[in-house]
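A.B. asks: The opening residue of the sequence shown carries number 6 in our numbering; numbering runs sequentially from there.
The structure is given below, and queries will be raised subsequently.
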Amino acid sequence: MIVGGVLEPIKDYFGTVENQGRGSLHLHLLIWLDHDMKPVDMKKNIRNTDFREKLKAYLEDIIKEDLDQFKDEY
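Next up, the structure:
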């Protein structure tokens, strides 16, 4: 079980990485949450400053881009 994240606890996960043909990768991911948080609960939680900061830090950590290789080409 994964504990300590924004959507915690996560009971299990499964993912696969695919190539889109242009060399860019993308991910398909399923996660099984060990709680019954509903979208309305997420809407309430997002109003909480601490939760919002944790969510922001989580998203900044998992969303990556690296375009340095293109800056001199175009």
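Backbone N, C-alpha and C fix where the C-beta goes; we use that ideal spot for every residue, glycine too.
In its own chain, which residues sit with a C-beta less than 6 Å from the C-beta of residue 21, not counting the 5 before and 5 after it?
C.D. replies: Along the sequence shown, one-based indexing puts residue 21 at 16. Closer than 6 Å at Cβ, skipping near neighbours: 33.
A.B. asks: Find the nearest neighbour of residue 11 within the set 30, 28, 56, judged by alpha-carbon distance.
C.D. replies: By one-based count along the sequence shown, residue 11 stands at place 6. For residue 11, the nearest C-alpha among the options comes from 56.
A.B. asks: If I follow the unbroken beta strand (DSSP E) through residue 16, where does it start and stop?
C.D. replies: In the sequence shown, the residue the question calls residue 16 occupies position 11. Note, residue 16: beta strand (DSSP E), 15-24.
A.B. asks: So, residue 16 versus residue 39, is the Cβ gap smaller than 8 Å?
C.D. replies: By one-based count along the sequence shown, residue 16 stands at place 11. By one-based count along the sequence shown, residue 39 stands at place 34. In this structure, the beta-carbon distance from residue 16 to residue 39 falls below 8 Å.
A.B. asks: Return the CA-CA distance between residue 23 and residue 44, expressed in angstroms with no decimal places.
C.D. replies: Working through the sequence shown from its first residue, we reach residue 23 at position 18. Working through the sequence shown from its first residue, we reach residue 44 at position 39. In a straight line, the C-alpha of residue 23 is about 28 Å away from that of residue 44.
A.B. asks: Give the single residue among 13, 76, 68, 9 whose Cα lies nearest to the Cα of residue 42.
C.D. replies: The residue given as residue 42 occupies position 37 in the sequence shown. Comparing Cα-Cα distances from residue 42 to each of 13, 76, 68, 9, the minimum goes to 13.
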